[in-house]
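Novice: So that we are looking at the same thing, I have put the structure below in structure tokens.
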Amino acid sequence: MLNDFLILMKQELLVTVIIFLLLFKKVSGREWSNVSLMNFVNVLLVINLVSGFFMQQTGTLFGDMFRSSELLSFEKNLLSLGTLIISLQSYNWLKDHKHVAEFYMLLLSTLLGMFFMLSSNNLLMFYLGLELSTIPLAALANFDLDKKKSSEAAFKMIISSAFSSGLLLFGISLLYGTTGTLSFGEIPAHISGTPLQVFSFILLFAGFGFKISAVPFHLWTADVYEGAPVAVTSYLSVISKGAILFVMVSVLYNVFTPLSGTWYNMVFLISLLTIITGNLFALRQENIKRFLAFSSIAQVGFILIGISGQSVDGTASVIYFVLIYIFSNLAAFGVVNLVSALTGKENIDDYRAFYKTNPLLSWVLAIALFSLAGVPPTAGFFGKFFLFLAGAAKGNYLFIAIAALNMIISFYYYLRIIKAMFMDANDRPIPKLETSFSPKASLFICVAGIVVTGLASGGYAYIHSLLK
Amino acid sequence: MNLSLLLIVPLITALGILPAKGLKQVRAIAMAGAAVQFLLCGFLLFAYLQERASGNTAAFLFEDDYSWYAALNIHYHIGVDGISIAMILLTAFVVLAGVLVSWKMEKMNKEFFFLLIFLSLGAYGYFISLDLFTLFFFLEVAVIPKFLLIGIWGSGKKEYSAMKLALMLMGGSALVFVGLAGVYFNTDVNGAHSFDITQLSAVNIPVDVQELFFPFAFIGFGVFTALFPFHTWVPDGHSSAPTAASMFLAGISMKLGGYGCLRVATFLMPAAAHEYSPIIVALSCIAILYGAFATMMQTDLKYINAYSSVSHCGFVLLGIGMLTKTSIDGAVLQMVSHGLMTALFFAVIGMIYERAHTREVARLGGLLKVMPFISTVFVIAGLCSLGLPGLSGFVAEMTVFMGSWENADSYYRIATILSCASIVVTAVYILRATGKVINGPIVDKTHLSFTDASWNERLAAGLLIVGVLIIGITPFLLKDLINPGTAAIMTKILGVIK
């Protein structure tokens, strides 16, 4: 029993240990320099990531509340990897920050929450994990303590997440009322498609929609992304979304199978709405963080295409795309983070002639944007292709054609930034940036990931094999 | 021979350029890479002919097949037939000439040559692909280098043109994707879905599927080859691009579309091609005439050549749309011929622009007196464009006309006659431009100090002229080369007509 407990929950336990170490450090009152603290945490995060690959086992704990499998371990590893990258990227921003230990405690608490959410086998457990992953994030959004916008972002975030949690809870209670159970394993047998069940599904879906900022539940996204510190923004847009998407796939595919006709139509409509709205709003943004916020809304729309595929290929393509999305979006945010931390500039116009002063960083940002736009040979092309292919398997070609043509719009706004960097002139370009080891390492990981994950088919094959 | 070498050499060249320092090193590496690739393509031709001579009648030679994404049955499947070899040779000619004319590219030279080689990598990969996924992959690989080449090194309203080109080509790709996905999911190849061209051509795709997805594929590829009304990126894109990129765009990039229309749309979906043939013919006829008349109004040399490219590429689509053996032969010939001719034209316009810093016809004149070599090349390119016998243009266009005339239907006959008439218009604009720029009085006294072509420019022009002449004088060589390929396509077409 103890063995099972240790092995199945090893990732959760490790993160908890790290949080407690930080807590002891804080209580003990001995002053560490920020840099050594960050390096210490980074090393622990690497250990956490590496250990995730060993001793993967399938099983359940606590009377079927908690489950673990190779697939879930892999998904957790992806989230750990993303967290590590973000931690490396925050170096310049956190170096002179007063509350480094608190930052990491909050960040890892959300990670812990996501782990529990992923492993949940019961709606109650799921809700618990979700809340644990959301509330610290609102505190993190406020981490630029002297900026008014940051508090505003935190406030907006806490209100909108509270609201979406309310919707989720309402949906969960209705579902419990009609099925009499909260366990993921038992719900499908009790779903018959009564109006109340459909309604509870819609509420649950709306709750998910808020978290992944699908249209029409996206309104909080841009303001929060703009106000929050870049590290938190990237965490929100990649890790938190990725976790919810993983759970969403598993809930839609495993729990709501009897309602698959209903939810296909819903996913399909929301996907189109999300792509189009995200794209149109991204066109006119001047702030690069807002821009990335809307572009990530559009990306979620593309991911929903894969979910709509209702097949193993669909699930595989979603997980695969999140993997690529972690690399691509974090590479973009990494550069934005550096520029923002060192110069305070966050407008797209500031990036004009960026190539003249920082050629390498420009290429990194360019490769990241190409990957987000889905241009080969970057991994983004493969990710998008498989998402579309999974969606096309349902035979709804009008949907696929509209979504594919929307790629043109998204292509335009990504190219706009490339154009600013490579082609425009600027009297006061961003000066040459001195980068330290951590951000460099993180960008290197991202770029290597973008180049390798697509051309080498191993990643996709591995995900596919986990699903069987 | 191992076809993957065609990808490895450009890849090594591109990576080799990265650590190089200074223009001299960069261009030496680029030149060496392009030359090796050129020789490799020559060897490929030789090996191919030898295989055929020894009685190998397989549809595709030198095939290699590796599973790439096994779960989706996506393969890295490559192989060549005569048509692909013709296109590969064209690419080798144009890339080598392109590197030569960019010999003095000072601005950001490392990036320039890197992108140029990378672009050629996309083209080579595209022409050897026998799997629709790989084909689509390489089709899109080429988009970004084009955007950057035009946007950074271009002239005039370069950012606008670069953006327009990238977006329109992306739109074309999106349509192609829908077509490919439709074919993939609605075809049963031994109980599985497949992207493999050889397997797909062996099973017959259901006719209703063809009817639905042929337009997506054909229009998608058509955007690349200036199918009316999706031709608008051509004039802007070609005119704003730097010389080598213009050569590449008009010479090879537009052929990607023609090749796709032929290899993917027509070869895999012949029934739909037959059904939609009147529409294709009408659109290409419009492109031919519209392009020719629009050229008449241009005053910028690059715009003249760009609009005439719309007209000339119309012949490619006309040949494909007519669906006879001769006309499809003609379409392939026209692709190769136009590729060489237009690259030559853009090269020589680049040489003139480098010296005179203008491309306005009105501000140039009497160049024959100061630059005899460049002027002669200009005249040759012009004559090839208007279809003078002995040069490649004549052979290609004549074949398309003859093939078109084989359709006895009066609709097709009228279309053929109208397209033929465009030759007169071509003659007008070519002769007018040549007369003004080459002959006549010198308009600007500063032009007297111009130097004639340097060795690298002579080499580039010579290379392309040799190509044009070989096709012009001994067209049967090229026709024999592509014959098995077009015959295979024709068998598929005849299978559905009767």
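Chains as they are written, first to last, in our numbering: chain A, 13 to 480; chain B, 207 to 704.
Just so you know, even glycine gets a beta-carbon here, dropped at the ideal spot from N, CA and C.
Keep in mind that this is a model prediction, so the values were computed, not measured.
(1) Run through DSSP, which three-state label would serine 131/A get?
(2) Is the shortest distance between the beta-carbon of histidine 111/A and the beta-carbons of chain B less than 8 Å?
(3) For the alpha helix (DSSP H) that contains phenylalanine 182/A, what are its first and last residues?
(4) May I have the straight-line CA-CA distance separating isoleucine 203/A from serine 477/A, to the nearest angstrom?
(5) Report the residue from Leu250/B, Ile494/B and Ala447/B whose alpha carbon sits nearest the alpha carbon of isoleucine 629/B.
(6) Closer than 8 Å, CB to CB, is leucine 373/B near chain A or not?
(7) For valine 409/B and phenylalanine 420/B, I'd like the C-alpha separation in whole angstroms.
(8) Using a Cβ cut-off of 7 Å, which residues of the segment 531-565 of chain B contact any Cβ in chain E, in chain order?
(9) Candidates Gln405/B, Leu302/B and Asn396/B: which alpha carbon is nearest aspartate 337/B's?
(10) Any idea what DSSP makes of aspartate 287/B, helix, strand or coil?
(11) From Pro148/A, Asn359/A, Leu257/A and Ala391/A, pick the residue whose C-alpha is nearest to that of threonine 327/A; which is it?
(12) State the start and end residues of the unbroken alpha helix (DSSP H) segment that holds arginine 638/B.
(13) Touching or not, the segment 319-334 of chain A and the segment 66-79 of chain A, by the rule of three or more beta carbon pairs under 8 Å?
(14) Please state if the CB of tyrosine 424/A and the CB of leucine 373/B are separated by a distance shorter than 8 Å.
(15) Could you tell me how far apart the beta carbons of glycine 378/B and valine 429/B are, in whole angstroms, since I believe they sit closer than 8 Å?
(16) Listed from N- to C-terminal order along the chain, which residues in the segment 396-425 of chain A have their beta-carbon within a distance smaller than 8 Å of any beta-carbon of chain B?
(17) Is there at least one Cβ from chain A nearer than 8 Å to methionine 369/B's Cβ?
(18) I need the straight-line Cα distance from lysine 168/A to methionine 237/B, nearest angstrom please.
(19) List the endpoints of the continuous alpha helix (DSSP H) containing tryptophan 439/B.
(20) Check glycine 47/A in the structure and name its three-state DSSP category.
(21) By the DSSP assignment, the alpha helix (DSSP H) with leucine 719/B in it spans what residues?
(22) Could you name the residues of the segment 340-356 of chain B whose beta carbon sits closer than 7 Å to any beta carbon of chain A, in the order they occur along the chain?
(23) Which ranges would you report for the beta strand (DSSP E) in the segment 61-142 of chain A if only whole runs of at least 3 residues count?
(24) I'd like the span of the alpha helix (DSSP H) that includes serine 374/A, first residue to last.
(25) Please confirm if the segment 554-562 of chain B is in contact with the segment 483-490 of chain B, defined as three or more CB-CB distances below 8 Å between the two stretches.
(26) Quick check on isoleucine 620/B: buried or exposed, where buried means 16 or more other Cβ atoms within 10 Å of its Cβ?
(27) Using a Cβ-Cβ cut-off of 8 Å (strictly less than) and excluding sequence neighbours within five positions of alanine 488/B, which residues of its own chain qualify?
(28) By a C-beta neighbour count over all protein chains shown, 10 Å radius and 16 as the cutoff for buried, is threonine 657/B buried or exposed?
(29) Would the segment 365-379 of chain A count as touching the segment 453-467 of chain A if we require 3 or more Cβ pairs under 8 Å?
(30) Residues in its own chain within less than 6 Å of threonine 70/A by CB, not counting five upstream and five downstream?
(31) In the DSSP assignment, find the beta strand (DSSP E) that holds leucine 212/B and state where it starts and stops.
(32) Under a CB-based cut-off of 8 Å, is leucine 144/A close to chain B?
(33) Does the distance from the C-beta atom of glycine 609/B to that of threonine 532/B stay below 8 Å?
(34) Have a look at asparagine 279/B and tryptophan 611/B and give me their C-alpha separation to the nearest angstrom.
(35) Tell me, to the nearest whole angstrom, how far the beta carbon of serine 210/B is from that of isoleucine 284/B; I am working on the premise that it is less than 8 Å.
(36) Quick one: which chain A residues come within Cβ less than 9 Å of glutamate 365/B?
Specialist: According to the structure data:
(1) Your numbering for residue 131/A matches position 119 in the first sequence. Correct three-state label for serine 131/A: helix.
(2) For this step, residue 111/A is matched to residue 99 along the first sequence. It does not: the Cβ of histidine 111/A has no partner Cβ on chain B nearer than 8 Å.
(3) One-based indexing of the first sequence puts residue 182/A at position 170. Taken as a continuous stretch (DSSP letters only), the alpha helix (DSSP H) holding phenylalanine 182/A covers 160-191.
(4) In the first sequence, counting from the first residue as 1, residue 203/A sits at position 191. In the first sequence, counting from the first residue as 1, residue 477/A sits at position 465. Answer to the nearest angstrom: the Cα atoms are 29 Å apart.
(5) Counted from its first residue, the second sequence places residue 629/B at position 423. Per the Cα distances, Ile494/B.
(6) Sequence index remark: in the second sequence, residue 373/B carries index 167 (1-based). It does: the Cβ of leucine 373/B has a partner Cβ on chain A nearer than 8 Å.
(7) The sequence position of residue 409/B within the second sequence is 203, counting from 1. The sequence position of residue 420/B within the second sequence is 214, counting from 1. Roughly 16 Å between the two C-alpha positions.
(8) Chain labels in this structure do not include chain E; the protein chains are A and B.
(9) Numbered from 1 along the second sequence, position 131 holds the residue referred to as residue 337/B. Answer by Cα proximity: Gln405/B.
(10) One-based indexing of the second sequence puts residue 287/B at position 81. Three-state DSSP puts aspartate 287/B in coil, outside helix and strand.
(11) By one-based count along the first sequence, residue 327/A stands at place 315. Relative to the Cα of threonine 327/A, the nearest Cα in the group Pro148/A, Asn359/A, Leu257/A and Ala391/A belongs to Leu257/A.
(12) In the second sequence, residue 638/B corresponds to position 432, counting from 1. Start and end: 616-644.
(13) no
(14) Locating residue 373/B in the second sequence gives position 167, counting from the first residue. Locating residue 424/A in the first sequence gives position 412, counting from the first residue. Yes, these two residues count as a Cβ contact at 8 Å.
(15) Along the second sequence, one-based indexing puts residue 378/B at 172. Along the second sequence, one-based indexing puts residue 429/B at 223. Going by Cβ atoms, the distance from glycine 378/B to valine 429/B rounds to 3 Å, so yes, they are a contact pair.
(16) Phe397, Phe398, Phe400, Leu401, Ala404, Ala405, Gly407, Tyr409, Ile412, Ala413, Ala416, Leu417, Met419, Ile420, Phe423 and Tyr424
(17) Working through the second sequence from its first residue, we reach residue 369/B at position 163. Under the Cβ criterion of 8 Å, methionine 369/B is counted among the residues facing chain A.
(18) Counting from 1 along the first sequence, the entry for residue 168/A is found at position 156. Counting from 1 along the second sequence, the entry for residue 237/B is found at position 31. Answer to the nearest angstrom: the Cα atoms are 58 Å apart.
(19) For the purposes of this step, residue 439/B is taken as residue 233 along the second sequence, with counting starting at 1. Run containing tryptophan 439/B: 439-446, per the alpha helix (DSSP H) assignment.
(20) What you label residue 47/A is simply residue 35 of the first sequence in a count that begins at 1. Rather than glycine, the amino acid found at residue 47/A in this sequence is valine. DSSP places valine 47/A in helix when its eight states are reduced to three.
(21) Residue 719/B falls outside the range modelled here, since chain B spans only 207 to 704, and no answer is possible.
(22) Phe343, Glu346, Val347, Val349, Ile350, Phe353 and Leu354
(23) You should have 71-73 and 78-80.
(24) Translated into the one-based positions of the first sequence, residue 374/A becomes position 362. Annotation: the continuous alpha helix (DSSP H) that includes serine 374/A extends over 371-385.
(25) Counting Cβ pairs under 8 Å, fewer than three are found: no touch.
(26) Against the second sequence, residue 620/B aligns to sequence position 414. Exposed, since its Cβ has fewer than 16 Cβ neighbours within 10 Å.
(27) Within the second sequence, the letter at position 282 stands for residue 488/B. Cβ within range, chain order: Ala621.
(28) Here residue 657/B is taken as the residue at index 451 of the second sequence, counted from 1. By the 10 Å Cβ count, threonine 657/B comes out exposed.
(29) yes
(30) Taking the first residue of the first sequence as position 1, residue 70/A is located at position 58. Only Ser81 meet the Cβ criterion.
(31) Position 6 of the second sequence holds residue 212/B. Unbroken run through leucine 212/B is the alpha helix (DSSP H), 211-223; no beta strand (DSSP E).
(32) On the first sequence, residue 144/A is found 132 positions in, with the first residue counted as 1. Chain B places no beta carbon closer than 8 Å to that of leucine 144/A, leaving this residue out of the contacts.
(33) On the second sequence, position 403 is the one that residue 609/B refers to. On the second sequence, position 326 is the one that residue 532/B refers to. Yes, the pair counts as a contact, with Cβ atoms nearer than the cut-off.
(34) Walking along the second sequence from the start, residue 279/B turns up at place 73. Walking along the second sequence from the start, residue 611/B turns up at place 405. Going by the C-alpha atoms only, they are around 42 Å apart.
(35) The count along the second sequence starts at 1 and reaches residue 210/B at position 4. The count along the second sequence starts at 1 and reaches residue 284/B at position 78. Contact holds; Cβ gap of about 7 Å.
(36) The residue given as residue 365/B occupies position 159 in the second sequence. Neighbours of glutamate 365/B on chain A, chain order: Lys431, Met435 and Asp436.
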